[in-house]
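All remarks here apply to the structure that follows.
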Amino acid sequence: MTMTSRKRRNSYHLLCDVLLTNISSYSDDEDVSWKIRRAAAKLLYALIGTRNELLIDFYRTAVPTLIVRFGEREESVRLEVLAVCEVLLKQTITARAAELSSGPRNKRKRSEEMNDESALEDRFVTYIFGSS
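Numbering (my numbering), first residue to last: 5 to 136.
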């Protein structure tokens, strides 16, 4: 693993840790940690919307955190989390469409990493929409 990818992976984990932060020692009136969680979700939204090549990393690091945040008590944070999920699914569709459109020219077998990505996407979609 290169130094750059290690730093990138650590920054995703840090962002996910911020999303999971919940300072319970404050009363509801004093608790402003939701602002930090909302800002972290907005940052994640921007990253996912602009960095298609990192979708695998987003599925591995961000999705478990996003699933936990579906139960967020603060509505504005919950709405941002849902927006992040929406952009993640849209970017996945865009990436898949691009992959399929270039399919006939590149008849390579799917790598293990792509199969892992598909499995993560399938679990995420199944969790969100339920099994059909």
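Glycine included, C-beta positions come from ideal geometry on N, C-alpha and C.
Rounded to the nearest angstrom, what separates T96 and A66 at their Cα positions?
Within the sequence shown, residue 96 is the residue found at index 92, counting from 1. Within the sequence shown, residue 66 is the residue found at index 62, counting from 1. Taking the straight line joining both Cα atoms gives about 14 Å.
For the alpha helix (DSSP H) that G53 lies in, which residues bound it at each end?
As a working mapping, residue 53 is identified with position 49 in the sequence shown. Run containing G53: 37–54, per the alpha helix (DSSP H) assignment.
Span separating the alpha-carbon of L92 from that of L86
The residue given as residue 92 occupies position 88 in the sequence shown. The residue given as residue 86 occupies position 82 in the sequence shown. In a straight line, the C-alpha of L92 is about 10 Å away from that of L86.
Boundaries (first-last residue) of the alpha helix (DSSP H) holding E103
The residue given as residue 103 occupies position 99 in the sequence shown. Run containing E103: 79–105, per the alpha helix (DSSP H) assignment.
For R73, the nearest candidate out of E125, A44, A123, L58 (CA to CA):
In the sequence shown, counting from the first residue as 1, residue 73 sits at position 69. Nearest C-alpha to R73: A44.
Distance check for R55 and L125, CA to CA, integer angstroms please.
Locating residue 125 in the sequence shown gives position 121, counting from the first residue. Locating residue 55 in the sequence shown gives position 51, counting from the first residue. For the record, residue 125 in the displayed sequence is Glu; it is not Leu. Approximately 17 Å, taken between the alpha carbons.
Over the uninterrupted alpha helix (DSSP H) stretch that includes F62, give me the two end residues.
As a working note, residue 62 is residue 58 in the sequence shown. Its alpha helix (DSSP H) spans residues 59–73.
Quick one: Cα of A99 to Cα of V36, how far?
As a position in the sequence shown, residue 99 is number 95, starting the count at 1. As a position in the sequence shown, residue 36 is number 32, starting the count at 1. A99 and V36: Cα-Cα distance of roughly 37 Å.
With distance defined between alpha-carbon atoms, name the residue in C89, A101, E103 nearest to Y63.
Here residue 63 refers to the residue found at position 59 when the sequence shown is read from its first residue. When each option's Cα is compared against that of Y63, the closest is C89.
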